[in-house]
Structure formats: structure tokens, C-alpha cells
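Just so we're aligned, residue 1 is where the sequence shown starts under the numbering used here, counting upward by one.
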Amino acid sequence: MRRPVPIYLLLAFGISWSIAAVAWSAGVEYGGGPATVAVGGAFMLGPAIAAFIVRRKVDRGDLAGLGLTLRGIRWKWMGITVLLGMAIPAFNTLICWLFGDGLGIDGFGHTSVSRSMFLDQVTRLASEQGLDPDTIGGQLDRLRDLPLPGVAVYGLVLISALIAALTVNLPFMFGEEFGWRGFLLHHTRHLGLWRHVLLTGIVWGLWHAPLILQGHNYPAHPVAGVFLMVVFTLLLSVPFAWVRVRARCIWAPCVLHGLVNGTAGIGLYFTEGGDPLLASPVGVSGMLAVALTGLLLLVADPTFAKDLRATSPDHSPSADPAGGM
């Protein structure tokens, strides 16, 4: 009996982890340079490559059955996906302010949605990354001269993240999402929402391990970061599955993924002095923001869990029944 999920996982992990191993052997150190970006981009394509191979050679089904289609897209839900992607960083900022400024918990730092905070933080972060202040100084001076309130600056950061999510980031987000919300959701939806979330969240989080161990997301806590990333992806699996089911295509989770990644900097631009494990998009504040988003979706859409299990998320006539694990 063919067992597509184990075969898929072996391929997805094998492709991505091999890329990370080759980069490590070649002496590519994790950081913000072009080599790191190239390795990270190639790493992200592993789940999609594995999904294409297993779908064609093992499932022998069409790609529309995994949500790779432009037909039947529910554009209203695509719009809601964009709003969700912007709500998560806003919740994160609110939580940092509530715990830090409101309750006085030092680890959550000081949050201020202001132009001065943004400019100060960008300058500090650029210095920490070793960038020449003159490189961005002119741009910051122009922004400093504009009569923009902090909320407007916050909105501009969100809009820039949306543009990136819909353009340059989309192929790389597809690299992950066609695997996790395309192939894996197709083959695990019959398990029900919570078992799907448990399986996908653990797989998705552990898949990041080579990057996490090299300093991605949790540079000061690489080993603990692997486990924290699993918690984060477990929580993310609820809203990601929701947009996949409701929009009936793989493009919705791609956009949401791009927004989650692209807005991560907001947690750094408007909050200072926080502990990265507490006040960051992948720390406690970010996890609470994602958990709150998922909870609101489950309350507002009580039929979601049933709909995920009952039928193929794309509702396509060509979508074959979920295969065995």
C-alpha cells in the first residue's frame, strides 16, 4: 500500500535539510547577507518540490486537488486573509504594550506607536547589523520631515509588507505552503482539525530546525528555539488552515505566510527594551497574538472544523479523496 505522507515528509525534510547541510559545509554563516537569503530561499522550496513529486508519482492526482488553481477562488476570503495578516502584528503590538507599559512587566519593554520610536529603532537595528548610517540616513531624514503620525507610519509598514507578500515573497511562501497547506492538509484533513493541527504544527516547526540552530528567529537560544518554533507553528496552523479552507486555494495561506514574515519587523520597530523570548513576533507576545487570532476565528466560524474534515478544501470536482497516511 502506498503511504504518501511518510514518503512526502522524507522528501521534504531531505531536500531542505540537504540544502542547509551543504550551506553549512561550505561555511555559509547565518546572518543577513545575500548567501543567507539564497540558502533560506532554496530551503523553503523543499516542501513544494516534494509535494509535486509525490503528487505525480505516488498519488497520481492533479494539482488542483491540492489547491493549486485559479478557478473558484473566493476573493472575499482572500481579502479577509489580508486583514488577518495585518491583525496578527497589531495584536502583538497591543500585547507588548499591555504587558510592558500597562502591567509593568520588564521583559515586554516599552511600546510606542510613534514616528520617533520607529526612527530610533530602525537606526539602532541598522547599526547592530553593521550597516553604514549614511546608507539609510537620508531616507530616515525625509521620513522625519514628513508630518506623519505614528499610526500612519505603522500603516505604511503593513502596506509595504503586503506588497512584498504579493510579489517578491510569493514564490518562497508557495514553496512552503504548497507542501503544508496543499499536500499535507489534503492528506490529513480526514483526521479532524486538532489532529491535523498537531501533526502539521510539529512537522512544520521541526522542519525549521537547521535554520533555528544556526540562529534564525532565536539567535541567543538556538536549541530552545527549536521547541519554541514548534509551539509557534502549532498555533499558526489554525489560521493557516482556516484561510486555506475558506478561500479554496493555496494562494491564501501563501499571502498570509508572506504577511506574517513581512510584518515581523513591526515588533522591533515600535517596541524597545524587551526580552526577545517575550516581546517579539516569535516570542510570547507573538504566540499570544496568533492564539488570539485562531480563537477568534473558531468562535466566529463554528463550522470550520466540520467543513475541513467533510470535504476537500478547494471543493473542486477533480479533487480526489484524501489518500491514506
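We treat Cβ as the ideally placed atom computed from N, Cα and C, and that holds for glycine. Given the structure is predicted, the values throughout are model-derived calculations rather than measurements.
C-beta atoms of residue i and residue j nearer than 7 Å
i: Ile-250; j: Leu-68; result: yes
i: Glu-176; j: Met-44; result: yes
i: Phe-183; j: Ala-51; result: yes
i: Arg-381; j: Arg-309; result: Any property of residue 381 remains undetermined from this structure, which presents the chain solely from 1 to 325.
i: Val-282; j: Phe-232; result: yes
i: Arg-142; j: Arg-181; result: no
i: Phe-172; j: Trp-242; result: no
i: Pro-201; j: Leu-228; result: Before going on, a small fix: residue 201 reads as Gly here, not Pro. No, they are not a contact pair.
i: Val-39; j: Ala-26; result: no
i: Gly-205; j: Val-223; result: no
i: Arg-115; j: Leu-148; result: yes
i: His-187; j: Val-5; result: yes
i: Gly-72; j: Ala-164; result: no
i: Leu-170; j: Cys-254; result: yes
Opening and closing residue of the alpha helix (DSSP H) in which residue i lies
i: Arg-246; result: 222-247
i: Trp-17; result: 4-25
i: Phe-339; result: Residue 339 is absent from the structure shown; the chain starts at 1 and stops at 325.
i: Val-113; result: That residue, Val-113, is in no alpha helix (DSSP H); it is neither H nor E in DSSP.
i: Gly-79; result: 75-97
i: Asp-301; result: Unbroken run through Asp-301: none, as it is neither H nor E.
i: Pro-253; result: 251-262
i: Tyr-269; result: 266-269
Contact belief for residue i with residue j at Cβ below 8 Å, rounded distance in angstroms
i: Leu-256; j: Thr-81; result: 5 Å
i: Ala-289; j: Phe-91; result: 4 Å
i: Gly-46; j: Ile-88; result: That pair is no contact at about 25 Å.
i: Phe-178; j: Ala-48; result: 4 Å
i: Gly-100; j: Gly-274; result: 7 Å
i: Leu-259; j: Leu-162; result: 6 Å
i: Val-122; j: Val-151; result: Not confirmed; about 17 Å, so no contact.
i: Ile-7; j: Val-54; result: 6 Å
i: Leu-268; j: Leu-125; result: 6 Å
i: Val-226; j: Ala-209; result: 5 Å
Selection from the options that minimises the alpha carbon distance to residue i
i: Glu-29; options: Leu-211, Ser-18, Val-290, Asp-301; result: Leu-211
i: Leu-292; options: Asp-120, Leu-94, Pro-253; result: Leu-94
i: Ile-105; options: Asp-301, Leu-278, Gly-283; result: Leu-278
i: Met-287; options: Phe-304, Ala-247, Pro-239; result: Pro-239
i: Ser-16; options: Trp-194, Val-203, Val-299; result: Val-203
i: Val-58; options: Gly-102, Phe-304, Leu-11; result: Leu-11
i: Leu-98; options: Val-284, Arg-248, Asp-307; result: Val-284
i: Leu-295; options: Ala-220, Leu-84, Ala-21; result: Leu-84
i: Tyr-218; options: Arg-248, Ser-280, Leu-170; result: Ser-280
i: Leu-191; options: Asp-307, Val-168, Cys-96; result: Asp-307
i: Arg-144; options: Leu-119, Ile-53, Leu-268, Ala-64; result: Leu-119
i: Arg-195; options: Ser-237, Arg-2, Thr-167, Ala-164; result: Ser-237
i: Ala-300; options: Glu-128, Thr-167, Arg-124, Arg-246; result: Arg-246
i: Phe-270; options: Leu-66, Gly-41, Val-54, Cys-96; result: Cys-96
i: Arg-2; options: Ala-35, Gly-33, Arg-56; result: Arg-56
i: Trp-77; options: Gly-14, Gln-214, Arg-248; result: Arg-248
i: Ile-266; options: Gly-41, Gly-61, Thr-111; result: Thr-111
i: Leu-193; options: Ser-160, Ala-35, Gly-14, Pro-302; result: Pro-302
i: Ala-215; options: Gly-31, Leu-9, Leu-166, Phe-13; result: Note on residue identity: the sequence assigns Gly, not Ala, to residue 215. When only C-alpha atoms are compared, the closest one is Gly-31.
i: Glu-337; options: Phe-13, Glu-128, Met-117, Leu-103; result: Only positions 1 to 325 of the chain appear in the structure, and residue 337 is not among them; the question remains open.
Cβ of residue i within 7 Å of any chain D Cβ
i: Thr-36; result: Judged by its chain identifiers, the structure shown contains no chain D, having just a single protein chain.
Inside the stretch 138-216 only - alpha helix (DSSP H) runs reaching at least 4 residues: Counting only runs of at least 4 residues, the stretch 138-216 fully encloses the following alpha helix (DSSP H) elements, listed from N- to C-terminal order: 150-166, 170-177, 185-188, 193-207, 209-213.
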